[in-house]
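A.B. asks:
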């Protein structure tokens with residue numbers, strides 16, 4: 006039996022997503038980002054393992070506390086933005102829980118990536 010996949014946003018991330026929708030008419034880059042997010046959500050519905058697992062060495066205590074999980078997947082979006090998500094499951098469905106939508110600089114800051 007195949008489990009159904011549903012996508013749910015964290016409340017603050019959903020607010021970011023809705024704000025993007027409000028600005029798409031004013032900035033083409035926001036429209037591109039929104040289209041990229043929507044496209045990746047469709048891909049996640051078809052393959053919930055679409056993203057890459059963030060390596061454990063980047064999951065500090067602060068990151069785990071912020072996102073309330075130690076299993077975070079990332080998907081690259083247009084313009085070096087990232088979509089972060091985790092997975093939850095029960096008997097009949099898999100939940101893709103979208104944790105955050107962040108730009109490249111914020112991503113590097115949160116996960117403490119260093120420039121080489």
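In this note's numbering, the protein residues as written are 6 to 121.
Idealized CB from N, CA, C, for every residue including glycine.
Because the structure is a prediction, the values reported are computed rather than measured.
Please report how far the alpha carbon of residue 106 lies from the alpha carbon of residue 88, in whole angstroms.
C.D. replies: The residue given as residue 106 occupies position 101 in the chain shown. The residue given as residue 88 occupies position 83 in the chain shown. About 5 Å.
A.B. asks: Applying the criterion that 16 or more other CB atoms from any shown protein chain within 10 Å of the CB defines a buried residue, is residue 67 buried or exposed?
C.D. replies: Counting from one through the chain shown, the residue named residue 67 turns up at place 62. Label assigned to residue 67: exposed.
A.B. asks: For residue 42, count the other beta carbons within 10 Å of its own beta carbon; 16 or more makes it buried, fewer makes it exposed. Which is it?
C.D. replies: For the purposes of this step, residue 42 is taken as residue 37 along the chain shown, with counting starting at 1. A buried status is given to residue 42, since no fewer than 16 other beta-carbon atoms sit within 10 Å of its beta-carbon.
A.B. asks: List in chain order: all unbroken beta strand (DSSP E) runs of 3+ residues lying wholly within the segment 17-82.
C.D. replies: Runs found: 78-81.
A.B. asks: Looking at the unbroken alpha helix (DSSP H) that takes in residue 90, where does it start and where does it end?
C.D. replies: For the purposes of this step, residue 90 is identified with residue 85 of the chain shown, where counting begins at 1. Residue 90 -> not in any alpha helix (DSSP H); beta strand (DSSP E) instead, spanning 87-94.
A.B. asks: According to DSSP, what are the bridge partners of residue 105?
C.D. replies: Along the chain shown, read from residue 1 onward, the residue named residue 105 stands at position 100. Answer is 89.
A.B. asks: Taking only the alpha-carbon atoms, compute the straight-line gap between residue 79 and residue 17 and give it to the nearest angstrom.
C.D. replies: Position 74 of the chain shown, counting from 1, holds the residue named residue 79. Position 12 of the chain shown, counting from 1, holds the residue named residue 17. Computed Cα separation, rounded: 17 Å.
A.B. asks: If we ignore side chains and look at the alpha-carbon of each, how far apart do residue 74 and residue 91 end up?
C.D. replies: On the chain shown, position 69 is the one that residue 74 refers to. On the chain shown, position 86 is the one that residue 91 refers to. Cα to Cα, the separation comes out at about 8 Å.
A.B. asks: Report yes if the C-beta distance between residue 8 and residue 98 is below 8 Å; otherwise report no.
C.D. replies: Taking the chain shown and counting its residues from 1, the one referred to as residue 8 is at position 3. Taking the chain shown and counting its residues from 1, the one referred to as residue 98 is at position 93. Cβ atoms of residue 8 and residue 98: closer than 8 Å.
A.B. asks: Measuring straight from C-alpha to C-alpha, what distance separates residue 108 and residue 119?
C.D. replies: One-based indexing of the chain shown puts residue 108 at position 103. One-based indexing of the chain shown puts residue 119 at position 114. Each residue's Cα considered, the two are about 16 Å apart.
A.B. asks: Closer than 7 Å by C-beta to residue 50: which residues in its own chain qualify, once you throw out the five before and the five after it? Chain order, please.
C.D. replies: Looking up residue 50 in the chain shown gives position 45. Counting only Cβ-Cβ distances below 7 Å, and skipping sequence neighbours, we find 10 and 12.
A.B. asks: Can you tell me which of 96, 104 and 84 puts its alpha carbon nearest to the alpha carbon of residue 35?
C.D. replies: As a first step, residue 35 is located in the chain shown; it is residue number 30 there, counting from the start. Of 96, 104 and 84, the residue nearest in Cα terms is 84.
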